[in-house]
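Notes follow the structure.
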Amino acid sequence: MDALFADLISGDENLAQAAMQKLAELGAESMPALRKLATSPDPDQRWWAVSTLAQMDVVDVDWLLAALDDESVEVKQSAALGLAAHPHPKSAPVLIGFLRHPDSMLRTLVTNALTAIGTDAVPALLGFLDKNKAQDAARLGTIRALANITDTRAIPALMAALKEDSALIRHWAEIGLENLGLDMVYMKLE
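Printed below as a string of C-alpha cells:
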C-alpha cells in the first residue's frame, strides 16, 4: 500500500489516478493513511485524500463534511463532489452555507449535492431562500436544487421566483414547476 500512496502524491497525474482507484477499492484498509494524508500541509495531497475517499463505496460523510472547511477551494470542491456522490440528509445544513461561497464551481457542486440529498434538503433550502433575499448567485443554486428535487413544498418558492429579476432564476423556477406538472398553472392571461 505504501507504493500506492507514493504514486498518489507523486505529481504524475496518470500514476495518481491509478493509485486513487486502487486505494478506493481497498476501502477501509486505506482509511488510516488517507486520514493522515488529509492533514498534510500540502493542499494537493489533501485533495488526493478527499478525492480518493469520495470514490469509495462506503464513505465517512463526516470526513467529507470536515473537508468543506479546508482552506483550499479545490479540496472543498472535491468534498462537495463526494457529498453529491454520497448524499446524506445530515449534510444539507452544512452544504447550505456554501451556496454563498464566492467560487462558482463550489456553489455548483454544493447545489448538485443538495439536489442529490433530495426531499430531505428541502426544508434547509426553503429556509435559506427566506433569509437570503439579495444574493442572486446563492438564490440561483437554491432554486435550481428545488427545481430538480421536485417536492411540492417548494411550489410557493418557485412561484415567487417567477417574479425575480434574474432570468436564470425565473428559468429554473419554470423548470421546477414543469417538473411538478404545474407548468400551465402559472400562465396568466394579461
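Under the working numbering, think of the first position of the sequence shown as -8, with each following residue one higher.
Just so it is clear, CB atoms sit at the ideal spot from N, CA and C, and this is done for glycine as well.
- Could you tell me the boundaries of the alpha helix (DSSP H) in which Arg26 lies? 22 to 28
- Using three-state DSSP, classify Gln68 as helix, strand or coil. Three-state result, Gln68: helix.
- Item | For Lys67 and Ala112, the rounded distance between their alpha carbons | 19 Å
- Quick one: what's got a C-beta closer than 6 Å to Asn139's C-beta in the same chain, skipping five residues either side? Thr106
- Message: So, with DSSP's three-state summary, where would you put Leu171?
- Response: coil
- Message: Tell me the rounded alpha-carbon separation between His23 and Glu155.
- Response: Inspection of the sequence shows that residue 23 is occupied by Pro rather than by His. Our two residues, Pro23 and Glu155, have alpha carbons roughly 49 Å apart in a direct line.
- Task: Compare the beta carbon distance of Ser82 and Leu56 with 9 Å and say whether it is the shorter of the two.
- Result: Contact flag set, yes.
- Item | Bounding residues of the alpha helix (DSSP H) (the contiguous stretch that carries Phe89) | Looking at the DSSP string, Phe89 is not in any alpha helix (DSSP H), and its letter there is neither H nor E.
- Item | Same chain, Cβ closer than 6 Å to Asn103, neighbours up to 5 away in sequence not counted | So the list reads Ala75, once near-sequence residues are dropped.
- Task: State the DSSP-derived secondary structure class of Val52, mapped to helix, strand or coil.
- Result: helix
- Residues near Ala152 by beta carbon distance below 7 Å, same chain, minus five either side: Ile134, Ile160, Arg161, Ala164
- Is it right to say Ser42 is buried, meaning 16 or more other beta carbons lie within 10 angstroms of its own, or is it exposed? For Ser42, the number of other beta carbons within 10 angstroms of its own is at least 16, and it is reported as buried.
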